[in-house]
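Numbering (the UniProt record's numbering), first residue to last: 1 to 163.
Laid out in structure tokens, this is it:
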């Protein structure tokens, strides 16, 4: 089984700017530099996260959870959501209430693709609707586990903790 790992120079993935973060892995062979085949999978995985954060910016729980498997889990401080429906209910209530108008800025730290699984570790900043900078943001370190089903990357597990 082939394992591809990429560490990233942190750049925010922010729906207010460019969707997604793209990084090129290069391999040198006899003085020639060529792009790695891992780029396609790494980029596809990060595109899923960019789309999730665009759904967050739109306060759209349907679009947000469309990127999760039906049996996905989400663990956050004090909460556990056992499937996509539970995640949807939580996000719909959050987008209608305390997280309405918030911005989520995600900075991928690493992406590992192992067969049909991918693991992303990222730093997340949740910025209140009325905040002007990141000083008061809720800061978290997140781990995303994605699985490739029918040629589509989907989130199957998510967890975060304070940083």
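We put the CB at the ideal spot given by N, CA and C, even for glycine. Source: prediction; values computed, not measured.
In this chain, the alpha helix (DSSP H) harbouring residue 91 covers 84-96.
For the options 134, 150 and 123, the alpha carbon positioned closest to that of residue 161 is the one of 123.
Judged by pairs of C-beta atoms under 8 Å, the region 59-66 touches the region 91-101, as three or more such pairs exist. Looking at the backbone, the Cα of residue 79 and that of residue 86 are separated by about 11 Å. For residue 61, the enclosing alpha helix (DSSP H) begins and ends at 61-65.
Contact between residue 137 and residue 125 holds: CB atoms are separated by about 4 Å, below the 8 Å threshold. Taking each of 81, 100 and 108 in turn and checking the Cα distance to residue 48, the smallest one comes out for 108.
Of the candidates 76, 77 and 84, the residue whose Cα lies closest to the Cα of residue 69 is 84.
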